Every structure is written in C-alpha cells, then in structure tokens.
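A short worksheet on the structure shown next.
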Amino acid sequence: MTKILMVCLGNICRSPLAEGILKSKLPKDRFTIDSAGTAAYHIGSRPDPRSISVAKKYGIDITHLRGRQFVKQDFEAFDFIYAMDESNFNHIMAMAENDNDSSKVKLILNEITPNENLSVPDPYYGGDQGFENVYQMLDEACDQIANRLT
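Every position in the sequence shown, counted from 1, becomes a number in our numbering once 303 is added.
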C-alpha cells in the first residue's frame, strides 16, 4: 500500500482538495491518501466551504475530511509528502530527522513544472475564483502523480 500525504498551512483549503482529487484518480485498494497542515489553526475542522464547493463541482466529496496537524510520525507513516508551497515545504523539512525523511518531501507543483519550485497560492483570503484556480493546478499535478504511480 502506497501512502501519500498532502500538506498546506491550515489543512482546510489546498491539502484537502489535493487529497480528494488524488483519491479520485488512484485505486483505493493500492493507495492511502491523507492531508495535514503545518499549523494547528483548524484541527478537527471541516474543509473551507469554498473547497467543498469546488470539489463538489467536479464530483468529489471532501465534506468528511477533518483538519489535523503534520507530526514527525508522518515521515514514518507516508511514502510521499507533498507540500503546497515553499513555506510549508521548509516547515516540514525542518522536522525531518534524516535523509530518508527529507527524500519523501516534494513541492506538488514540481510534478508539472519540474525544479521551478512554484507554490499553490493560498485561496483562503480570496474569492471563489481562487479556489477554482487552485483546483485546476492540483488536478493537473495529481494527474501527473497518478500517471507515474499506476
């Protein structure tokens, strides 16, 4: 079973979207996908209603997801850890204890723009279009991940 973790800041906008999108593209019997945030702001919270809405628009239900914080044990539990932006990437890497831990961490948009280290913008303070834009970016990146892993 391959285990993949999506990580953003609060685990209510980008990473739950990425989790839902990737789950829709990979066989459930071979992959486990989860999400987390580097901050503790939204532990136990549902995804942002705008994330729920854009996911629903594309036939993906993320209403059951709940925010949780990234912990060191996630390095042991997951094979791949995808950060949504450079700040979260750096936060995760600071928690890595060895090369094995750090080798699991990648910026998700490097899947579609290798080595450019682009960030998925945080749509939290913007309007609905920001969530649509984020969905499209994550959908493309998750297509690449799914194609590589299956």
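From the three backbone atoms N, C-alpha and C, an ideal C-beta is built for every residue, glycine too.
Treat the numbers as computed from the prediction; the structure is a model and nothing was measured.
Query: According to the Cβ coordinates, are F434 and S354 closer than 8 Å?; Result: yes
Query: Under a Cβ-count criterion, where at least 16 other Cβ atoms within 10 Å of its own Cβ denotes burial, should R451 be classed as buried or exposed?; Result: exposed
Query: Measuring CB to CB, does I411 end up less than 8 Å from V423?; Result: yes
Query: DSSP on V357, reduced to helix/strand/coil?; Result: helix
Query: Quick one: is K286 buried, meaning 16 or more other Cβ sit within 10 Å of its Cβ, or exposed?; Result: Coverage of the chain is limited to positions 304 through 453, which leaves residue 286 absent and any answer about it impossible.
Query: Check whether the segment 316-333 touches the segment 395-409, counting contact only when three or more Cβ pairs, one atom from each stretch, lie closer than 8 Å.; Result: no
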